[in-house]
Amino acid sequence: MGNRKIDRRKFLATGGVAAVGAGVLALSGCGGTPKPTEKEAPKPGDPTPGTKETIRIVSSLPRTGSARGQTNTIVNGIQMAVEEYMADANSKFVIDYKDWDDATAASGSWDGPTEKANAQKAVADPDVMAYIGPYNSNAAKISMPELNEAGLVQVSPAVTWPGLTKKIKGVAPDEPEKYQPFKPKRVHFCRVCTTDDLQGPLAADFAAEELKVKKVYILNDKELYGEGLAKLFRQRAEELKMEIVGDEGIDTAAVEYGGLMTKIKGTNPDLVYFGGTTQSKGGQIAKDLVKSGLMCPMLAPDGCYEQAFIDSAGAANLNNRTYVTIVGLDPSQLTGKGAEFVKKYKEKFKTDPEAFALYGYECAKVVLAAIIKAGKKDREEIRKAVLATKSFTDGAVGGAEGWSFDRNGDTTLRQVTVSRVEGGKFIPKKTITK
Amino acid sequence: MFESIAAALGPEIYQYLLAGLVTGLLYALIALGYTMVYGIIELINFAHGDLFMLGAFFSLQLAIWVGAAGAKGQATGEFAVLAVAIMLVAAPVFCAALNVTVDRVVYKPLRNAPKLAPLVSAIGVSFIFMNIGVFWMGTYDLNFPELIPPTNLTPGYRVEFTYQHLMVIVVTLPVMVALTLFVRYTALGKAMRATAQNPTAAQLMGINVDRVIAATFAIGGALAGVAAVVYGLYVNSAGYQMGFQTGLFAFTAAVLGGIGNIPGAVLGGILIGLIEKLGTGYVGDQWRQPLIFAILIVILIFRPNGILGARTREKV
Amino acid sequence: MSLRGAAGYWMVAGFVLLAALPFLQGRYIATYGTQLIPVLCFAILALGLNVVVGYTGLLHLGIAAFFGIGAYVTAILTTSGFPFASSFLVAAVAAMLVAAAVGVATTAPTLRLRGDYLALVTMGFGIITVSVIRNLDALTDGTKGLTPVSPNFFPGFDDPVFEKSRPGWKDSWRGYPRLYYLCLAVLAGVVIFLRNLERSRLGRAWVAMREDELAASCMGLNPAKLKLSAIALGAGLAGLAGALFAISQDGTTEPRAYGFERSMLVICCIILGGLGNRPGVLLGVVLLVGYDQIVTSMLDNWLQEQKVNPEGKEYLKVSGWRLFIFGLALILMMRFRPEGMLPAARQKRELHPERDEAAGERAAKAEAEAKDKPVDRGKKNE
């Protein structure tokens with residue numbers, strides 16, 4: 001501590017050198033030159049490593065914070081698809097998959113500037129041919145215009161806000177055009193999961209037909225996803241002449257919901273619908289429902305369709321009374337290629353794949369199939385090939401007939417499966433196709 | 001007249017009051033840790049909530065080791081009493097040791113530094129604790145085994161009073177009474193009060209201020225440990241973010257009551273608990289947080305030193 | 001060269017480097033430039049907070065609320081969902097005025113609170129603001145956020161369409177590099193304004209009050225007025241930063257972006273950099289925000305390329321250690337350099353009155369001799 005003056009000078013000098021160094025790094029493009037392909041570990045069965053062209057696929061998902069568990073399974077799925085492609089001796093390109101984070105430590109979840117930077121980084125790197133992600137609908141609103149302008153194809157495994165791709169009742173009047181600034185209009189965004197306008201209403205149908213619900217209490221987590229679903233559920237429930245005995249947002253920062261349950265119990269509903277996810281306290285809601293002595297079932301959307309939901313609520317609290325809707329089929333219902341994927345996933349990661357692992361795999365598969373079809377390293381060709389996906393059966397969820405992208409970039413796979421928790425597992429009960 | 005008000009509020013009012021009281025007692029237990037440390041060294045210990053979170057993780061780990069819970073935190077139905085007993089002893093020791101260590105390593109060298117320095121360090125410790133929590137138990141909320149069942153003890157009455165409610169009251173009230181007696185009558189307690197009033201004078205009177213501060217951190221940590229066990233058994237979940245939210249409310253409780261004031265912290269905790277549950281019941285769950293802070297601000301406008309806080313004189 | 005001069009020199013050099021950035025060659029220059037736009041907004045925000053915390057010594061833990069108010073006022077005045085359709089200039093001025101007014105209105109009743117109570121009240125205010133933004137769907141569209149924020153620049157004039165003369169450049173003033181230069185210019189303007197303000201009557205009065213409120217009021221200064229003027233200025237700058245942020249994000253993103261975490265980050269920036277000192281605050285922003293948003297992702301991508309972590313273990317990733325590193329940096333900083341990296345000259349002088357800035361070496365030597373009787377740091381507080 002003695003000689004402060006000198007210390008400070010030294011500090012300034014080093015600081016200055018560091019700043020200049022950083023500047024020079026930035027000037028030189030800082031990793032701008034892509035790593036030569038030789039750096040890629042040659043895969044077995046790769047006859048002439050180093051002679052193939054590299055195509056980079058990036059994903060931008062919240063890898064820090066509470067959504068990490070679900071994004072881990074997405075990344076696992078993507079990695080499996082990429083490995084399958086690389087293991088094929090006939091494959092024309094070397095795929096370099098990069099797993100980018102769009103969250104920051106400070107916010108603990110996705111962050112606007114970071115998502116935007118990821119999109120721009122992808123655009124600036126001429127090797128990037130596809131952008132998988134993001135995970136959150138609001139993040140998509142930020143990255144979509146950037147990628148649209150550059151014509152880089154974007155495939156999301158999890159974004160369900162309808163307004164991103166189509167005009168329906170309930171979305172903003174200038175959606176989705178405001179995400180497509182490029183003139184003439186071109187679609188660059190597509191998603192392998194279906195949108196909320198399917199899942200919400202079909203859940204209401206199920207509640208009315210199978211559960212014979214007359215009075216429903218609706219909760220939502222005040223997030224874009226959960227609130228949107230709860231609203232759509234409510235619209236359909238009103239059409240079906242259900243009585244809405246309560247509809248409110250919860251405080252997801254709370255640790256327990258004893259007070260809320262007392263309130264719900266006073267209205268004596270036949271069903272509690274929760275529009276939200278595991279991270280927005282789905283498990284705690286289910287647990288507190290049981291603890292307060294409410295005997296009615298609970299229905300939740302696919303944000304809760306993961307083992308972590310059952311673990312966090314405690315299986316005993318969910319068994320035989322908790323229903324979860326998912327888009328598409330349950331992994332256990334899959335046949336053919338889907339069943340194969342489930343088996344391989346189990347071998348590799350020692351757990352059952354969750355719904356999001358399927359979507360991650362599906363995204364990567366669609367992109368890789370388009371790369372094969374396009375046959376060259378060209379963004380426009382690959383974008384067209386992805387959007388032209390028809391009767392796609394190479395992935396895990398397509399089944400025998402496969403699915404296609406419609407002209408908006410939405411999947412034609414309009415199926416919802418309702419599962420019930422039994423013995424600590426999701427057991428599919430009914431699949432509704434629309 | 002009382003009956004007509006109760007009728008207007010509905011039959012749930014009693015349940016809200018009970019839930020508010022129980023939650024409030026838990027907040028109070030954590031608030032005591034804030035208030036004691038603040039009383040002695042004027043440090044808002046931002047890491048206290050995260051210490052509480054680590055205590056809950058530690059208790060959960062103990063339950064798994066003992067065999068009362070499976071790897072996912074589901075109750076196995078065995079060793080429940082043993083596990084609760086071990087938790088109630090080990091978790092306070094763990095939290096106390098951790099708190100004292102942090103004080104020794106981080107805050108002690110900053111005793112004479114400007115006031116912001118330990119405050120910022122406490123924020124740093126809070127970040128580190130949270131990161132440790134993520135490495136330890138992951139990012140999801142975990143199930144904390146129902147070692148005390150939520151069985152209703154008062155069937156047929158308007159209020160459901162369960163074993164879990166009973167457990168919270170049976171554990172927290174004696175701890176608070178013991179703490180009050182301890183601070184009032186034991187030599188160490190008197191030394192604490194003396195140090196809080198004037199550290200220099202206390203030192204001149206032969207009190208080892210460093211030891212008193214360490215003891216304060218130990219007691220505050222132990223209270224957080226007890227709170228962690230009871231909280232885990234009451235809400236049956238644990239997650240790495242629970243510390244922030246609960247700590248925030250507990251800290252608010254401490255300030256509401258008058259920071260540095262032990263009965264004030266208890267009163268503040270109970271008030272916050274009641275506001276929280278009544279707010280959920282009659283205003284809406286999404287307005288719970290703004291309601292708590294709005295009431296806090298209003299109270300502070302009229303009583304700038306908290307409800308039970310003493311007027312402080314300006315030192316020149 | 002005096003230390004003050006050195007810090008100023010580096011700041012000017014930094015501004016020149018930043019101004020030159022868009023004309024450098026490199027594939028990712030435009031990406032970095034765009035990434036810097038929010039950093040520049042945070043720098044303005046931090047300077048605003050520095051007025052409150054650094055100049056007047058009020059610990060304000062809810063500055064991000066003003067940032068959010070600025071962003072939402074801008075969005076409400078410009079998005080198509082509302083009938084205003086204002087230009088950016090009007091919206092930015094309104095954002096500043098509304099934020100300043102809210103700052104004054106919420107602080108005035110709580111002025112008589114002591115330091116830590118005031119800190120809690122400001123924190124509570126921040127949390128209330130975010131909850132209101134989140135829950136007041138009719139005005140703020142809840143978590144959906146208001147988009148797109150794409151107003152004209154001048155009232156009554158159509159925007160010019162620029163040429164996209166380099167890769168990554170946009171044709172609108174709201175895109176890179178025009179917005180980048182706008183933010184940089186606003187930041188430079190704020191820095192110069194604050195530099196002059198520090199030397200003005202008001203600036204000196206703030207410092208006098210920070211050092212000793214009682215003595216200052218005995219000298220005829222009005223502490224309440226001084227505090228309110230500091231809050232108004234700090235909140236106004238935060239509102240301006242919010243307006244620019246909303247433009248750069250083309251919307252208000254999520255209410256969470258204006259929450260307690262943001263306030264904490266900004267507080268950490270100014271304390272780490274050097275409370276009360278403009279170059280220090282800017283350095284703190286560059287280091288912390290840069291580390292959080294740019295360096296970790298770069299390091300993680302590098303690690304991924306090295307294939308050291310095939311199973312994706314969290315503790316083998318830099319991002320897994322983010323909070324840990326963050327916390328450790330804060331603790332070490334407070335332990336070894338609590339005055340910040342570039343402390344305010346006044347604070348140093350107060351700590352070491354025997355040291356004359358003009359005779360640096362001689363003073364340093366004298367201090368080395370006086371090493372046996374270290375100066376009590378606690379004095380700074382009193």
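Residue numbers (the working numbering), protein chains in the order written: chain B, 1 to 434; chain F, 1 to 316; chain H, 1 to 382.
Beta carbons: idealized from backbone N, C-alpha and C, even for Gly.
Taking Cβ positions, are Leu413/B and Trp403/B nearer each other than 8 Å?
Cβ atoms of Leu413/B and Trp403/B: closer than 8 Å.
Taking the C-alpha atoms as reference points, what is the distance between Gly409/B and Val159/B?
Cα to Cα, Gly409/B sits roughly 12 Å from Val159/B.
Taking 8 Å as the cut-off, does the region 44-60 of chain F touch the region 121-141 of chain F (at least 3 CB pairs, one atom from each stretch)?
Yes, the region 121-141 of chain F touches the region 44-60 of chain F.
Enclosing alpha helix (DSSP H) for Trp100/B [first to last residue]
In the DSSP assignment, Trp100/B falls outside any alpha helix (DSSP H) and lies within the beta strand (DSSP E) extending over 93-101.
Measure from the C-beta of Ile142/B to each C-beta in chain H and report whether the shortest distance is under 8 Å.
At least one chain H Cβ lies under 8 Å of Ile142/B.
Please decide whether Ser131/H counts as near chain F, where near means a Cβ-Cβ distance under 8 Å.
Contacts with chain F at 8 Å (Cβ-Cβ) include Ser131/H.
If you run the structure through DSSP and keep just helix, strand and coil, what is Trp65/F?
In the structure shown, Trp65/F sits in a helix (DSSP, three-state: H, G or I).
Decide if the region 112-131 of chain B is in contact with the region 49-56 of chain H; the criterion is three or more beta carbon pairs, one per stretch, under 8 Å apart.
With a cut-off of 8 Å, the region 49-56 of chain H and the region 112-131 of chain B do not count as touching, because too few Cβ pairs lie within range.
Does any heavy atom of the ligand FMN sit closer than 7 Å to the C-beta of Met11/H?
The model on display carries no ligand, and the ligand FMN is accordingly not part of it.
Rounded to a whole number of angstroms, what is the C-alpha to C-alpha distance between Ile69/H and Ser248/H?
Each residue's alpha carbon lies about 16 Å from the other.
Rounded C-alpha distance that separates Tyr32/H from Arg322/H:
Approximately 21 Å, taken between the alpha carbons.
Determine whether the beta carbon atoms of Pro134/B and Ser66/B lie at a separation below 8 Å.
No. Outside cutoff.
Cα-Cα separation between Gly32/B and Leu272/H, rounded to whole angstroms:
Note that Gly32/B scores a pLDDT of 39, beneath 50, so its modelled location is shaky and nothing firm can be said.
Using a Cβ cut-off of 8 Å, pull out every chain H residue sitting near Gln120/B, in sequence order please.
For Gln120/B, the chain H residues whose C-beta falls within less than 8 Å of its own C-beta are Ala30, Thr31, Thr34, Gln35, Gly168, listed in chain order.
Report, in whole angstroms, the separation of the C-beta atoms of Leu32/F and Gly220/F, which I expect to be a contact under 8 Å.
Correct: roughly 7 Å between the Cβ atoms.
How about the region 136-151 of chain F and the region 68-78 of chain B: do they share at least three Cβ pairs that are nearer than 8 Å?
Contact holds: three or more Cβ-Cβ distances are below 8 Å.
Would you please state the rounded distance, in angstroms, between the beta carbons of Ser312/B and Gly283/B? I believe it to be under 8 Å.
Their Cβ separation, rounded to whole angstroms, is 3 Å, which keeps Ser312/B and Gly283/B in contact under 8 Å.
In the region 31-54 of chain F, which residues sit with their C-beta less than 7 Å from some C-beta in chain H, listed in chain order?
Flagged, chain order: Ile44.
6 Å Cβ shell around Lys281/B - same chain, five flanking residues per side excluded:
Thr252.
Measure from the C-beta of Val121/H to each C-beta in chain F and report whether the shortest distance is under 8 Å.
With 8 Å as the cut-off, Val121/H counts as an interface residue toward chain F.
Roughly how many angstroms lie between the CA atoms of Val90/H and Pro155/H, to the nearest whole one?
Distance from the CA atom of Val90/H to the CA atom of Pro155/H, rounded to whole angstroms, is 7 Å.
For Cys30/B, the three-state DSSP class (helix, strand or coil):
With a pLDDT of only 39 at Cys30/B, under 50, the local geometry of the prediction cannot be trusted, and the value read off the model is given with reservation. In the structure shown, Cys30/B sits in coil (DSSP, three-state: anything other than H, G, I, E or B).
Looking at chain B, is there any beta carbon in it that lies within less than 8 Å of the beta carbon of Asp376/H?
Unreliable placement is indicated for Asp376/H, whose pLDDT of 47 sits below 50; no coordinate value is reported for it.
Identify whether Ala388/B lies in helix, strand or coil by the three-state DSSP scheme.
Ala388/B falls in the coil class under three-state DSSP.
Ser59/F by DSSP, collapsed to three states: which one?
Taken through DSSP and simplified to helix, strand or coil, Ser59/F comes out as helix.
If I measure Cβ to Cβ from Val216/B and keep anything under 8 Å in the same chain, skipping five residues before and after, which residues do I get?
Hits under 8 Å: Ala207, Ala237, Met242, Glu243, Ile244, Val245, Pro269, Asp270, Leu271, Val272, Tyr273.
Note down, in chain order, all residues in the region 270-303 of chain F with a beta-carbon under 7 Å from any beta-carbon belonging to chain H.
Flagged, chain order: Gln286, Trp287, Gln289, Pro290, Phe293, Ala294, Leu296, Ile297, Leu300, Ile301.
Touching or not, the region 141-155 of chain H and the region 275-289 of chain H, by the rule of three or more beta carbon pairs under 8 Å?
Proximity of the region 141-155 of chain H to the region 275-289 of chain H falls short of the contact definition, fewer than three beta-carbon pairs being nearer than 8 Å.
Do the region 187-198 of chain B and the region 98-110 of chain H make contact, defined as three or more Cβ pairs closer than 8 Å?
Not touching, per the Cβ criterion.
Considering only DSSP beta bridges, list what Tyr273/B is partnered with.
Bridge partners of Tyr273/B: Ile218/B, Leu299/B.
Where Lys72/F meets chain B, residues with beta-carbon distance less than 7 Å
Neighbours of Lys72/F in chain B, taken as residues at a C-beta separation under 7 Å, are given in chain order as Asp311.
Would you list, in chain order, the members of the region 164-176 of chain B that have their beta-carbon closer than 7 Å to a beta-carbon of chain C?
Included in the structure are the protein chains B, F and H, with no chain C among them.
Contact set between the region 244-264 of chain F and chain B, restricted to residues whose Cβ is under 9 Å from the partner:
Within the region 244-264 of chain F, the qualifying residues are Phe244, Gln245, Thr246, Leu248.
Among Leu45/H, Phe157/H, Val149/H, Met11/H, nearest to Arg174/H - alpha-carbon criterion
The option with the nearest alpha carbon to Arg174/H is Val149/H.
Enumerate in chain order the residues of its own chain whose CB-to-CB distance from Gly86/F is below 8 Å, with the five nearest sequence positions on each side excluded.
Sequence check: residue 86/F is Ile here, not Gly. Excluding five sequence positions before and after Ile86/F, the CB atoms of its chain that fall closer than 8 Å to its own CB belong to Leu62, Val66, given in chain order.
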